[in-house]
Amino acid sequence: MDINWQFIISTLPLYQKAAWITIKLGFWGTLLSLIIGLVCSIILYFRIKILKELVGIYVELSRNTPLLIQLFFLYFGLTKIGITMSETTCAIIGLAFLGGSYMSEAFRSGIEAVSKTQIESGLSIGLSQMQLIRYVILPQAFAVTMPSLAANCIFLFKETSIVGAIAIAELMHVTQDVIGMYYQTFESLFMLVVAYLIIILPLSFLLTWLERKVRYAEFGN
Amino acid sequence: MNKENHQVLLEIKDLHKEYDTRTVLDGIHLRVHKGEVIVVLGPSGCGKSTLLRCLNGLESIQGGDIQFDGESLIGPNVDWQKTRQKIGMVFQNYELFPHMTVIENILLGPIKVQKREKKEVMDQATQLLEKVGLSDRKDSYPRQLSGGQKQRIAIVRALCMNPEIMLFDEVTAALDPEMVREVLDVILGLAKQGMTMMIVTHEMGFAQAVADRILFIDEGKVCEMSEPKEFFTNPKTERAQQFLNIFQF
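Chain order of the listed sequences is A and B.
Each residue of the first sequence is one higher than the one before, starting from 1 at the first, in the working numbering.
Each residue of the second sequence is one higher than the one before, starting from 1 at the first, in the working numbering.
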């Protein structure tokens, strides 16, 4: 098979630019998801009235609807009631909306894995509720839930491939454009795959390293 | 040794505790004087552990009063964070924090809760670790220690808060027989230093050696309260006689 290297080199800057956009979306989407997830799981832990119900509704809504529909709703739906946001803002909010529920569930399972007696042990040395969360519950929950969190991070970076649907020039969107213009389907898709691997493989290694680090104390190597 | 003329540190009056409809503690009365060692005995499920847990606010109670240092521990206005600093508790399954090293486990309470100087706490921790023979395990994680070592660390962690009373909840029940001794020796040492303690245990020899008074509970009621010699040689109630017979072969 002949590969058109000339074409690949000439479109490289396009892909580079798109890759940065993908990284940016993935980074902010994941970071916000982690924050939303953490806040939601703490609300669930303390069983805060009303907020607890809201988190429940949010998680079900977010996990059981496709990201594409969420993005359309944010981008096209909200303009109807006068809320207009840039494509990038919509995309990041969409990713965070989806990812937040996944992260919340991951954190929740980690928190629930902390035994009641560990909590009593913390209380017995006089820790306050907030100190208990910070020094006892979250570190242990984190160690337990790290594999799910890592999987969610990678999942969210891959989900960025959908946001091209609201006209953001990320990798997937650019690839479709390039194919449409030059009909070099194989080369374009090949570059797309390589670009995702360049972004996600280091992320995956980083997360594996982090996982080992946070789990060492409790589980050894 | 009679310590009944010492100051009363802990007073339990007519304590009632219920789980749903089941009565677990049914009118317990007890006065613990400063420096006194009370060993709580009784068949399993009689409410011994529950009694200790009530003293530390880990269980709600349905009636009666607990006075610690002259202050009531009943009602919504109890400052448990403050009170628990004075009441050290050691659990059956050690409950060290698995994600922290030994020294981090010990320092957490004194530094974060009591806001003491790190250096001062560190000195105290080092001394206590030496006393229990574990100064070389400072940087180990709990999973790298044996059960007996973990339990000795748990005792040090509680002691480092400078409590006024220590509660031991079946602290040797999960240990191999060989390791029981090393933990009991530490507790005996504390008794000699005059630490006030309430100990729930099934080690009868130890109970006799360490106790000033034996509190025998059955079905949530105090059946007998006497000096160890008296209790073990000449138990007054039939229930206590039956209980002691189980330990004879």
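Glycine included, each C-beta is placed from N, C-alpha and C at the ideal position.
Here the structure is a predicted model, which means the values were calculated and not measured.
- Under the three-state reduction of DSSP, A/Y45 is assigned to helix.
- When the beta-carbon positions are compared, B/F216 and B/E203 stay at least 8 Å from each other.
- Within the region 175 to 191 of chain A, contact with chain B at the beta-carbon level (separation under 8 Å) is assigned to no residue.
- By the criterion of a C-beta distance shorter than 8 Å, B/T50 is surrounded in its chain by K17, V24, L25 and E59, once the five residues flanking it on both sides are discounted.
- Look at A/S124: its C-beta is under 8 Å from a C-beta on chain B.
- Interface with chain B (8 Å Cβ-Cβ cutoff): A/E120 is included.
- Boundaries of the beta strand (DSSP E) harbouring B/T23: R22 to H33, taken from the DSSP string.
- The alpha-carbon separation between B/M195 and B/Q67 amounts to approximately 18 Å.
- Closer than 8 Å to the CB of A/G110 there is not a single CB belonging to chain B.
- Under the rule that a run must span 4 or more residues, the alpha helix (DSSP H) segments found entirely inside the region 183 to 219 of chain A read 185 to 219.
- Contiguous alpha helix (DSSP H) elements confined to the region 43 to 96 of chain A occur at 51 to 63 and 67 to 72, taking only those with 4 or more residues.
- Under DSSP, B/K138 shares a beta bridge with no residue.
- In the DSSP assignment, B/M89 falls within the unbroken beta strand (DSSP E) covering I87 to V90.
- In the assembly as shown, A/K116 is an exposed residue. Its beta-carbon has fewer than 16 other beta-carbons within 10 Å.
- Between the region 127 to 138 of chain A and the region 98 to 118 of chain B, the count of C-beta pairs closer than 8 Å reaches three or more; the two stretches touch.
- B/E71 is bridged by DSSP to B/F68.
- When the beta-carbon positions are compared, A/S33 and A/L95 come within less than 8 Å of each other.
- Against chain A, a Cβ distance below 9 Å from B/L58 picks out E120, L123 and S124.
- Assignment of beta-bridge partners to B/F168 by DSSP yields B/V90 and B/I199.
- The beta-carbon of B/Q81 is placed less than 8 Å from the nearest beta-carbon of chain A.
- Per DSSP, the beta-bridge partners of B/Y19 are B/R22.
- Its chain contains G88 and L128 as the residues whose beta carbon lies nearer than 7 Å to that of B/L159, once the 5 sequence neighbours on both sides are disregarded; these appear in chain order.
- Distance from the CA of A/L71 to the CA of B/I155, rounded to the nearest whole angstrom, comes to 56 Å.
- The Cβ atoms of A/L98 and A/E159 lie closer than 8 Å to each other.
- DSSP places B/R213 in the uninterrupted beta strand (DSSP E) bounded by R213 to D218.
- Within chain A, the C-beta atoms nearer than 9 Å to that of B/E95 come from S115, T117, Q118, E120, S121, G122 and S124, in chain order.
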